[in-house]
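**Q**
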Amino acid sequence: MSEQEQGSGRGPGDRRGGADLSREAETLSYFKGKIDKILHDLESSPAAKSKISDQTITRAAYGTGFSAADDLASMYDKVHGRLEKFSRTLGEQLEALGIAVQIADRGYDGIDAQQAARLQQIQRRTRADYKSMNEDQPIEHGTGSVDTASGGTGGSGSDFR
């Protein structure tokens with residue numbers, strides 16, 4: 001154990017932030033600025049949800065009279081829909097990260113009601129999207145063992161409410 005860990009009463013498995021975790025207002029503001037720039041760049045790029053929505057191929061473009069054209073058109077529509085959802089979700093997650101940075105800097109009471117509501121809205125939509133994406137997947141069950149290192153059953157228990 002290092003001298004710093006001994007002095008802080010923390011052991012090697014401790015996952016709390018330490019000297020390498022910087023939370024100064026300037027650092028968080030800089031980070032939020034970078035997130036805002038990424039979000040702005042996404043919205044002005046061809047990957048923006050509005051621009052992806054505009055990029056469609058009509059069914060007639062695949063030809064007529066053979067089932068492979070129908071299959072290809074159907075698959076294109078499915079992939080296109082997923083790209084739209086991905087673009088929207090990416091933008092929302094970046095937005096949520098920006099709000100979370102503000103919370104880390106000023107506390108939950110340091111954001112306005114509109115930001116708190118938006119964060120909750122993003123969280124609800126993310127959960128719904130995750131659930132709908134996994135409805136057709138078989139449920140994997142854990143081993144039933146308890147992760148004693150984190151003091152729980154393996155779940156993070158973290159939740160914005």
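For the sequence shown, position 114 matches number 114 in full-length UniProt numbering, and the numbering has no gaps at all. Backbone N, C-alpha and C define an ideal beta-carbon position, used for all residues, glycine too. Source: prediction; values computed, not measured.
What I want to know is whether the C-beta of Ile35 ends up closer than 6 angstroms to one or more non-hydrogen atoms of the ligand COA.
**A** You won't find the ligand COA in this model; it holds no ligand whatsoever.
**Q** Can you list, in chain order, the stretches of the beta strand (DSSP E) that have 3 or more residues and sit fully within the region 76 to 110?
**A** Complete beta strand (DSSP E) runs here, min 3: none at all.
**Q** Tell me where the alpha helix (DSSP H) around Thr126 begins and ends.
**A** Taken as a continuous stretch (DSSP letters only), the alpha helix (DSSP H) holding Thr126 covers Ala113 to Met133.
**Q** State the Cα-Cα distance for the pair Gly107 and His40, rounded to the nearest angstrom.
**A** Answer to the nearest angstrom: the Cα atoms are 25 angstroms apart.
**Q** Since Ser50 is in the alpha helix (DSSP H), which residue starts that stretch and which ends it?
**A** Per DSSP, Ser50 belongs to the alpha helix (DSSP H) from Lys49 to Asp54.
**Q** Beta-carbon separation of Arg82 and Lys49 under 7 angstroms?
**A** Not in contact: Arg82 and Lys49 (Cβ atoms no closer than 7 angstroms).
**Q** Which term fits Gly33, buried or exposed, when burial requires 16 or more other beta carbons within 10 angstroms of its beta carbon?
**A** It is exposed - the Cβ of Gly33 has fewer than 16 other Cβ atoms within 10 Å.
**Q** Among Asp112, Leu72 and Ser132, which residue has its Cα nearest to the Cα of Ala61?
**A** If we check each option's Cα against that of Ala61, Leu72 comes out closest.
**Q** Hey, how far is the Cα of Lys131 from the Cα of Leu90?
**A** The straight-line gap from Cα to Cα measures roughly 17 angstroms.
**Q** Please state if the CB of Ile35 and the CB of Leu97 are separated by a distance shorter than 7 angstroms.
**A** Result yes, Cβ atoms of Leu97 and Ile35 sit closer than 7 angstroms.
**Q** Taking C-alpha atoms, which residue in Arg118, Lys85 and Phe86 lies nearest to Ile99?
**A** Nearest C-alpha to Ile99: Arg118.
**Q** Taking the alpha-carbon positions, what's the Val101 to Leu42 distance?
**A** Using only the alpha carbons, I get a separation of about 19 angstroms.
**Q** Measuring only the C-alpha atoms, how far is Gln115 from Gln123?
**A** So the alpha carbons of these two residues sit roughly 12 angstroms apart.
**Q** In three-state terms, what does DSSP make of Ser45?
**A** Residue state, collapsed to three classes: coil.
**Q** Measuring only the C-alpha atoms, how far is Thr56 from Ser74?
**A** For Thr56 and Ser74, the distance between alpha carbons rounds to 12 angstroms.
**Q** With distances taken Cα to Cα, identify the nearest neighbour of His80 among Ala47, Ser67 and Arg127.
**A** Among Ala47, Ser67 and Arg127, the Cα nearest to that of His80 belongs to Ala47.
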